[in-house]
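For the record, the sequence lines run as chains P and H. Under the numbering used here, the first residue of the first sequence is numbered 1, with each subsequent residue one higher. Under the numbering used here, the first residue of the second sequence is numbered 1, with each subsequent residue one higher. Cβ coordinates follow ideal geometry from the N, Cα and C atoms, glycine included. Being a predicted model, the structure only gives us computed values, none of them experimental.
There are 2 protein chains.
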Amino acid sequence: MDDPKINQKLEELLDLIEKNLYCFFCKTEPKNLYEPIKYLLEGKGKRIRPLLTLVSTGLLNGNIHKAIKPAIALEFLHNFTLVHDDIMDNSDLRRNRETIHKKWNISVGILSGDLLLAIAFQNIIADVGLEYCKEVLLTYTDSLIEVCEGQGFDLDFENRQDVSINEYFMMIEKKTAKLIENSMVIGGFIANGKLEDIRSLAAIGKSLGLAFQLQDDLLDLTAVNPKFGKVVGKDLVEGKKTFIMLKAKELFKKQDEIDLLNYFFINHGLKPEQVPAMIDYLDRNGIFDITKETINGYFATIKEHLNKFEDNLYKKLLNHLIQSLLNREF
Amino acid sequence: MDDPKINQKLEELLDLIEKNLYCFFCKTEPKNLYEPIKYLLEGKGKRIRPLLTLVSTGLLNGNIHKAIKPAIALEFLHNFTLVHDDIMDNSDLRRNRETIHKKWNISVGILSGDLLLAIAFQNIIADVGLEYCKEVLLTYTDSLIEVCEGQGFDLDFENRQDVSINEYFMMIEKKTAKLIENSMVIGGFIANGKLEDIRSLAAIGKSLGLAFQLQDDLLDLTAVNPKFGKVVGKDLVEGKKTFIMLKAKELFKKQDEIDLLNYFFINHGLKPEQVPAMIDYLDRNGIFDITKETINGYFATIKEHLNKFEDNLYKKLLNHLIQSLLNREF
Chain P
1 MDDPKINQKL EELLDLIEKN LYCFFCKTEP KNLYEPIKYL LEGKGKRIRP LLTLVSTGLL
61 NGNIHKAIKP AIALEFLHNF TLVHDDIMDN SDLRRNRETI HKKWNISVGI LSGDLLLAIA
121 FQNIIADVGL EYCKEVLLTY TDSLIEVCEG QGFDLDFENR QDVSINEYFM MIEKKTAKLI
181 ENSMVIGGFI ANGKLEDIRS LAAIGKSLGL AFQLQDDLLD LTAVNPKFGK VVGKDLVEGK
241 KTFIMLKAKE LFKKQDEIDL LNYFFINHGL KPEQVPAMID YLDRNGIFDI TKETINGYFA
301 TIKEHLNKFE DNLYKKLLNH LIQSLLNREF
Chain H
1 MDDPKINQKL EELLDLIEKN LYCFFCKTEP KNLYEPIKYL LEGKGKRIRP LLTLVSTGLL
61 NGNIHKAIKP AIALEFLHNF TLVHDDIMDN SDLRRNRETI HKKWNISVGI LSGDLLLAIA
121 FQNIIADVGL EYCKEVLLTY TDSLIEVCEG QGFDLDFENR QDVSINEYFM MIEKKTAKLI
181 ENSMVIGGFI ANGKLEDIRS LAAIGKSLGL AFQLQDDLLD LTAVNPKFGK VVGKDLVEGK
241 KTFIMLKAKE LFKKQDEIDL LNYFFINHGL KPEQVPAMID YLDRNGIFDI TKETINGYFA
301 TIKEHLNKFE DNLYKKLLNH LIQSLLNREF
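In structure tokens:
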């Protein structure tokens with residue numbers, strides 16, 4: 001990041017997001033719901049989705065202050081999925097802190113997630129009547145449906161041996177990429193963008209979301225610094241059928257490789273002591289490189305669409321955000 | 001029901017509701033979410049909330065076909081709360097059939113509930129732009145927030161010994177009455193009703209909701225026919241702090257009564273064999289009669305507000321619905 005203005009603008013937007021996160025609700029009772037919601041929001045997330053909304057509005061020379069409510073609603077939606085997914089995945093940690101259903105219980109997890117979503121809807125619906133409102137609300141609801149369906153497919157895939165790479169991409173497109181795509185599209189709508197520009201924002205968001213997910217899968221196996229409550233090889237132990245493992249199914253030829261892979265698929269995961277061998281097999285079959293190339297392919301798409309926009313500070317900031325997301329090492 | 005037209009109109013509205021329930025979604029995949037949703041909707045509910053919406057629109061001489069989407073969305077919202085509440089309450093049966101989290105699992109329960117709500121929002125938001133839309137959407141979202149908060153208080157009360165009757169009413173107002181109230185209010189908005197009429201609809205709905213809940217609590221202890229998967233005294237065994245039990249705390253004076261009541265509060269419920277004695281104590285302290293009188297008080301409020309409306313077939317139908325809800329014996 002050469003330009004100090006970019007950093008300054010990023011800080012400014014993050015500040016705007018943090019300040020507005022708590023404006024969505026002023027209630028404190030019932031405590032067993034509002035305390036977990038506050039706890040969740042206080043766990044510092046990267047705020048990628050609201051940032052992308054604001055930056056997309058700014059990219060199209062729109063008024064970012066008009067975008068703040070939908071941006072916060074998107075962060076709420078994301079957090080809603082985290083709370084419910086953590087229950088389904090039986091996760092103990094989120095952002096290095098105890099998950100809500102562990103700190104409280106499953107009922108509190110379900111219900112505070114529901115309330116978080118309700119509050120998000122209340123806030124963006126209050127803006128009904130503004131010119132861009134219908135598109136924003138429909139796109140917002142579309143994200144919610146896609147993210148639920150994506151998680152549904154993900155749960156389904158856990159019990160299936162025959163998941164294809166195409167199905168995997170369909171699933172992460174719904175579960176991860178759609179919300180990132182729609183965060184940018186909503187920013188575009190608020191700037192009253194042309195259809196062509198909205199389409200480019202969608203293409204950037206979708207590619208970014210897919211690349212982000214592949215990066216996540218890759219980092220699980222190659223991260224140098226297991227921060228954020230992550231443990232190297234966690235996905236392998238949990239039996240997650242990531243792009244990497246589905247690619248291994250295509251490419252593994254040696255008997256010892258195939259045996260370990262079959263173990264992984266049949267037993268829904270490896271024992272921790274089997275992880276290093278699997279990482280070695282994946283590496284020598286070039287699967288980490290293939291994954292990096294695929295990520296680079298998405299990055300090329302992003303660049304192509306980004307080039308269509310006129311230069312401004314938000315374009316530089318978007319470029320910086322994308323670079324830092326795709327270059328993160330943990 | 002003397003007038004055959006009332007019965008005919010009721011059948012017509014119920015038909016309209018059933019036919020439109022499945023128009024909200026045409027997807028079938030992922031099967032692990034859309035199958036539970038279909039299963040849930042096929043379990044014949046009483047459809048009270050959508051009926052109240054349609055009847056309220058008709059009462060104010062509005063076009064009931066304009067009310068069908070919000071009516072269905074309210075039924076979806078109600079069903080969403082049932083799926084999530086059944087997980088929290090660990091209930092095995094709903095409408096005499098296995099609950100979703102028992103038939104499938106908790107993850108499917110959480111997620112199909114979420115998706116049901118998402119689909120409801122998608123359908124009513126598609127109508128953004130219609131003149132009554134903002135009021136409808138805000139009232140709808142308000143219902144969702146209240147119902148979440150009500151369930152939150154209900155969970156909280158389970159662990160508290162000092163719940164007051166006022167707190168109990170605040171809780172059931174949120175958890176049960178608000179959605180019934182808002183179902184009527186939304187019907188009124190769609191008919192473009194005057195503020196005065198909307199207020200009367202709200203008063204009717206709120207009283208009906210509260211009376212309905214007290215009736216439910218009463219039937220748990222006095223039902224002659226334990227249909228709908230209910231078992232007599234279930235609330236006593238589960239330790240539910242209903243109006244009846246909070247009233248017992250005020251009125252029980254004899255030592256054997258107080259001992260059993262303390263057992264109930266301290267042990268979060270009675271043993272099944274203790275239920276008949278408790279029912280006897282409640283009866284001889286006149287608590288069933290007090291509950292019936294309270295219900296009759298709500299009924300008087302309903303009647304008073306209903307009288308303000310001009311006679312039409314929908315008014316007769318509403319009156320019939322209210323009578324049959326409050327006179328049900330199981």
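Report the partner residues of residue i according to the DSSP bridge assignment.
i: residue 365(H); result: Coverage of chain H is limited to positions 1 through 330, which leaves residue 365(H) absent and any answer about it impossible.
Could you check whether residue j and residue i sit closer than 8 angstroms to each other, using their CB atoms as the reference points?
i: residue 233(H); j: residue 268(H); result: no
i: residue 220(H); j: residue 197(H); result: no
i: residue 112(P); j: residue 33(P); result: yes
i: residue 210(P); j: residue 291(P); result: no
i: residue 79(H); j: residue 52(H); result: no
i: residue 181(P); j: residue 152(P); result: no
i: residue 24(P); j: residue 72(P); result: yes
i: residue 331(P); j: residue 139(P); result: The structure shown does not extend to residue 331(P), since chain P is modelled only from 1 to 330, so the question has no answer here.
i: residue 74(P); j: residue 200(P); result: no
i: residue 125(H); j: residue 137(P); result: yes
i: residue 163(P); j: residue 169(P); result: no
i: residue 17(H); j: residue 50(H); result: yes
i: residue 106(H); j: residue 87(H); result: yes
i: residue 305(H); j: residue 191(H); result: no
i: residue 320(H); j: residue 48(H); result: no
i: residue 261(H); j: residue 274(H); result: no
So is residue i in contact with chain P if we call contact Cβ pairs under 8 angstroms?
i: residue 37(H); result: no
i: residue 122(H); result: yes
i: residue 33(H); result: yes
i: residue 151(H); result: yes
i: residue 78(H); result: no
i: residue 126(H); result: yes
i: residue 226(H); result: Interpretation of residue 226(H) is limited by its pLDDT of 47, a score under 50 that renders its predicted location unreliable; the figure taken from the coordinates is listed afterwards. Taking Cβ atoms only, chain P never reaches closer than 8 angstroms to residue 226(H), which makes this a no.
i: residue 156(H); result: yes
i: residue 148(H); result: yes
i: residue 114(H); result: yes
i: residue 207(H); result: no
i: residue 91(H); result: no
i: residue 107(H); result: yes
With a CB to CB cut of under 6 angstroms and the five nearest residues on each side skipped, what residues in its chain are close to residue i?
i: residue 68(P); result: 20
i: residue 193(H); result: 60
i: residue 281(P); result: 257
i: residue 312(P); result: none
For residue i, tell me which candidate among the options has the shortest Cα-Cα distance.
i: residue 279(P); options: 302(P), 309(P), 199(P) and 237(P); result: 237(P)
i: residue 22(H); options: 123(H), 5(H), 251(H) and 218(H); result: 123(H)
i: residue 99(H); options: 37(H), 260(H), 62(H) and 271(H); result: 37(H)
i: residue 213(H); options: 272(H), 172(H) and 125(H); result: 172(H)
i: residue 244(H); options: 44(H), 202(H), 293(H) and 118(H); result: 293(H)
i: residue 46(H); options: 10(H), 30(H) and 28(H); result: 10(H)
i: residue 4(P); options: 101(P), 326(P) and 317(P); result: 317(P)
i: residue 43(H); options: 93(H), 54(H), 288(H) and 127(H); result: 93(H)
i: residue 31(P); options: 274(H), 26(H) and 148(H); result: 148(H)
i: residue 15(H); options: 295(H), 65(H), 87(H) and 186(H); result: 65(H)
i: residue 114(P); options: 91(H), 81(H) and 97(H); result: 81(H)
i: residue 109(H); options: 102(P), 116(P), 104(P) and 85(P); result: 85(P)
i: residue 302(H); options: 208(H), 289(H) and 160(H); result: 208(H)
Flag residue i as yes if its beta-carbon sits less than 8 angstroms from any beta-carbon of chain H, otherwise no.
i: residue 141(P); result: yes
i: residue 30(P); result: yes
i: residue 87(P); result: yes
i: residue 177(P); result: no
i: residue 118(P); result: yes
i: residue 306(P); result: no
i: residue 84(P); result: yes
i: residue 40(P); result: no
i: residue 183(P); result: no
i: residue 26(P); result: no
i: residue 137(P); result: yes
i: residue 144(P); result: yes
Less than 7 angstroms between the CB of residue i and some heavy atom of the ligand MN, yes or no?
i: residue 119(P); result: No copy of the ligand MN appears in this structure; indeed no ligand is present at all.
Taking only beta-carbon positions, decide if residue i is within less than 8 angstroms of chain A.
i: residue 111(P); result: The chain inventory of the structure shown lacks chain A, comprising the protein chains P and H.
CB-CB under 8 angstroms to residue i, same chain, minus the five flanking residues each way: which ones, in chain order?
i: residue 287(P); result: 244, 247, 248 and 251
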